[in-house]
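Structure first, then comments.
Numbering (this note's numbering), first residue to last: 58 to 146.
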């Protein structure tokens, strides 16, 4: 959660791909009114690798097992400007 509850609230940070000339960039923030995190950015090909870089959000800590939510209780909303892209590795 992002509500400040002990044991369920973690400090997430956005990470880019600066190694080997990565040019991907992103931002991360918590929408306090909606109680959800927003990762926004652009993944760009690493010129020397001719392959996509990355952006991600991560946090340190012990997280509860989320496998009980696999039946539909865990909802991710993902948007992409290239939903038909088939080149992921």
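Glycine residues also receive a C-beta, built at the ideal position from the N, C-alpha and C atoms. Because the structure is a prediction, the values reported are computed rather than measured.
Which of helix, strand or coil DSSP assigns to residue i
i: residue 78; result: helix
i: residue 116; result: coil
i: residue 126; result: helix
i: residue 98; result: strand
i: residue 108; result: strand
i: residue 93; result: strand
Buried or exposed by the 16-neighbour rule on C-beta atoms within 10 Å, applied to residue i
i: residue 74; result: buried
i: residue 110; result: buried
i: residue 128; result: exposed
i: residue 79; result: buried
beta-carbon residue i near the ligand COA non-hydrogen atom, thresh 8 Å
i: residue 80; result: The ligand COA is not part of the structure shown, which contains no ligands of any sort.
Contact under 9 Å by Cβ, residue i with residue j
i: residue 117; j: residue 68; result: yes
i: residue 86; j: residue 95; result: yes
i: residue 82; j: residue 98; result: yes
i: residue 64; j: residue 92; result: no
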